[in-house]
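Here the structure comes first, spelled out in structure tokens, and everything after it is commentary.
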Amino acid sequence: MAKPRVLATHRLFQPARTILQEHCDAEYWEKPERPPREEVLRRVKDKEALICLLTEKVNEELLQAAPKVKIAANVAVGFDNIDVAACTKRGVVATNTPGVLDETTADFAWTLLMAVARRLGEGEALARSGKWKGWDLDQLVGTDVWGKTLGIVGFGRIGRAVARRASGFQMKVIYTDAVRPTPEVEKELRVEFRDMNALLAESDFISIHTPLLAETRGLFNAEKFERMKRTAFLINTSRGPVVDEAALVTALENGKIAGAALDVFEKEPAIHPGLKRPNVVLAPHMASASLETRTKMASMAAENVVAVFKGRRPANVLNPEVLKG
Ligand code: GLV
Numbered sequence: 011m012a013k014p015r016v017l018a019t020h021r022l023f024q025p026a027r028t029i030l031q032e033h034c035d036a037e038y039w040e041k042p043e044r045p046p047r048e049e050v051l052r053r054v055k056d057k058e059a060l061i062c063l064l065t066e067k068v069n070e071e072l073l074q075a076a077p078k079v080k081i082a083a084n085v086a087v088g089f090d091n092i093d094v095a096a097c098t099k100r101g102v103v104a105t106n107t108p109g110v111l112d113e114t115t116a117d118f119a120w121t122l123l124m125a126v127a128r129r130l131g132e133g134e135a136l137a138r139s140g141k142w143k144g145w146d147l148d149q150l151v152g153t154d155v156w157g158k159t160l161g162i163v164g165f166g167r168i169g170r171a172v173a174r175r176a177s178g179f180q181m182k183v184i185y186t187d188a189v190r191p192t193p194e195v196e197k198e199l200r201v202e203f204r205d206m207n208a209l210l211a212e213s214d215f216i217s218i219h220t221p222l223l224a225e226t227r228g229l230f231n232a233e234k235f236e237r238m239k240r241t242a243f244l245i246n247t248s249r250g251p252v253v254d255e256a257a258l259v260t261a262l263e264n265g266k267i268a269g270a271a272l273d274v275f276e277k278e279p280a281i282h283p284g285l286k287r288p289n290v291v292l293a294p295h296m297a298s299a300s301l302e303t304r305t306k307m308a309s310m311a312a313e314n315v316v317a318v319f320k321g322r323r324p325a326n327v328l329n330p331e332v333l334k335g
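For the sequence shown, position 251 matches number 261 in the working numbering, and the numbering has no gaps at all.
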């Protein structure tokens with residue numbers, strides 16, 4: 011019997027290819043640059059599964075072009091690129107890759123936090139410039155991290171992994187989320203709940219870990235920046251549109267907050283020119299980018315596809331109602 015045909019819009023990593031090889035006939039987009047949309051639409055026509063990155067929109071247009079597709083497997087935990095309702099309507103299983111990237115993403119949120127507090131971007135630029143004149147008492151003085159208050163917005167797996175890392179820095183950790191963990195979990199993680207306004211007023215560093223949903227789009231707006239300390243820093247490794255970039259630029263220009271460190275942007279790969287300031291650390295959406303983690307993410311997507319073809323329930327289904335009955 012012919013193996014089911016899969017389109018992967020990336021060459022993936024070898025372990026993922028090995029998983030697919032046995033069960034599927036996989037076609038990969040092998041080029042380093044992202045595939046043009048027309049190319050994805052053309053190639054997906056005769057495929058029964060799609061493995062895609064967060065840069066691909068899995069919407070009505072794509073689903074219409076892919077009448078045989080049974081599963082759209084995102085190689086990302088965030089799935090705002092997938093119209094899950096449209097997938098459900100067509101009986102297409104949608105999956106993501108939760109769990110495997112929490113620690114790596116939390117590491118990077120801390121990388122950004124420390125880089126912006128301690129002015130690493132500016133220091134690195136000076137060290138490379140040939141203009142460094144040597145040690146000076148007030149050169150590149152930043153802000154202490156240890157002993158400060160860290161506010162975590164969105165207390166899911168990644169938010170909690172960020173919280174765990176704070177204890178070595180003797181920080182007070184507060185969080186806000188619609189869903190509160192049990193008092194035991196709060197105690198174990200040494201965190202305290204705050205409502206959003208209290209968190210904004212109290213935090214020296216605010217790290218965002220919410221998914222992008224209708225309710226979180228533009229969550230960090232002018233009003234939120236107004237409520238933050240003028241000495242506070244904003245760190246975002248979630249999704250760009252959770253922050254209103256124009257409002258952030260205005261807040262930075264007016265000294266409403268001390269700085270920001272951003273891994274994600276409203277209209278990637280474009281970056282608002284007003285963010286290219288010394289007190290903003292910029293990274294190109296790389297928080298989960300360790301070889302170990304990206305390999306696991308690709309393998310998890312491959313396993314999700316194989317599960318569907320084997321008649322098993324994939325581990326990470328976003329629309330379980332498709333599998334009922
Ligand atoms: C990366 O941004 C992800 O959602 O996995």
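Note that CB positions come from ideal geometry on N, CA and C, so glycine has one too.
Quick caveat, the model's predicted, so the values are computed rather than measured.
Proximity test, residue i beta-carbon vs the ligand GLV heavy atom, cut-off 7 Å
i: VAL327; result: no
i: VAL87; result: yes
i: HIS219; result: no
i: SER300; result: no
i: LEU22; result: no
i: HIS295; result: yes
i: LEU111; result: yes
i: LEU17; result: no
i: LEU60; result: no
i: LEU64; result: yes
Residues near residue i by beta carbon distance below 6 Å, same chain, minus five either side
i: VAL253; result: PHE230 and ASN246
i: THR153; result: ALA127
i: MET181; result: LYS158 and LEU160
i: GLY284; result: VAL259
i: PRO251; result: LEU222, ARG227 and GLU276
i: SER217; result: ALA119, ILE162, VAL172 and ILE245
i: SER298; result: LEU111, THR114 and THR115
For residue i, three-class secondary structure by DSSP
i: PHE179; result: helix
i: PHE275; result: coil
i: GLU37; result: strand
i: ARG228; result: According to the sequence displayed, residue 228 carries Gly and not Arg. In this structure, GLY228 counts as coil in the three-state DSSP scheme.
i: ASN207; result: helix
i: LEU258; result: helix
i: ALA119; result: helix
i: VAL253; result: strand
i: VAL172; result: helix
i: ALA75; result: helix
i: GLY109; result: coil
Cβ neighbours of residue i in the same chain (closer than 8 Å, five flanking residues each side left out)
i: ASP56; result: ARG15 and LYS78
i: SER213; result: THR159, LEU160, GLY161, ILE184, MET238, LYS239 and ALA242
i: CYS34; result: LYS13, PRO14, ARG15, VAL16, ALA59, VAL315, VAL316 and PHE319
i: GLU37; result: ARG15, VAL16, LEU17, ALA18, ARG53 and LYS57
Same chain, Cβ closer than 7 Å to residue i, neighbours up to 5 away in sequence not counted
i: ARG323; result: ALA317 and LEU333
i: GLY336; result: Any question about residue 336 goes unanswered here, given that the chain covers just 11 to 335.
i: ASN314; result: ILE81, ALA83, THR105, PRO324, ALA325 and ASN326
i: MET206; result: THR186
i: ARG287; result: LEU262
Endpoints, the alpha helix (DSSP H) within which residue i is located
i: PHE23; result: Run containing PHE23: none; DSSP gives neither H nor E here.
i: ASN314; result: 301-319
i: ALA96; result: 94-99
i: LEU51; result: 47-54
Beta strand (DSSP E) segment containing residue i, residue limits
i: GLU202; result: 201-203
i: THR105; result: 103-105
i: LEU130; result: Not the beta strand (DSSP E): LEU130 falls in the alpha helix (DSSP H), residues 130-139.
i: ARG15; result: 15-18
i: VAL290; result: 290-292
i: LEU60; result: 59-62
i: LEU244; result: 243-246
Check whether the region 137-148 and the region 158-168 are in contact - that is, three or more C-beta pairs closer than 8 Å. Contact fails between the region 137-148 and the region 158-168, because fewer than three Cβ pairs, one in each stretch, are under 8 Å apart.
Check whether the region 276-291 and the region 79-88 touch, using three or more Cβ-Cβ pairs below 8 Å as the test. Counting Cβ pairs under 8 Å, fewer than three are found: no touch.
Do three or more CB pairs link the region 90-107 to the region 258-274 at distances below 8 Å? Contact annotation: the region 90-107 does not touch the region 258-274, with fewer than three C-beta pairs closer than 8 Å.
Within the chosen definition, does the region 188-204 reach the region 131-140 through at least 3 CB pairs nearer than 8 Å? Touching, no, given that fewer than three Cβ pairs across the two stretches are closer than 8 Å.
Do three or more CB pairs link the region 63-79 to the region 26-42 at distances below 8 Å? Judged by pairs of C-beta atoms under 8 Å, the region 63-79 does not touch the region 26-42, as fewer than three such pairs exist.
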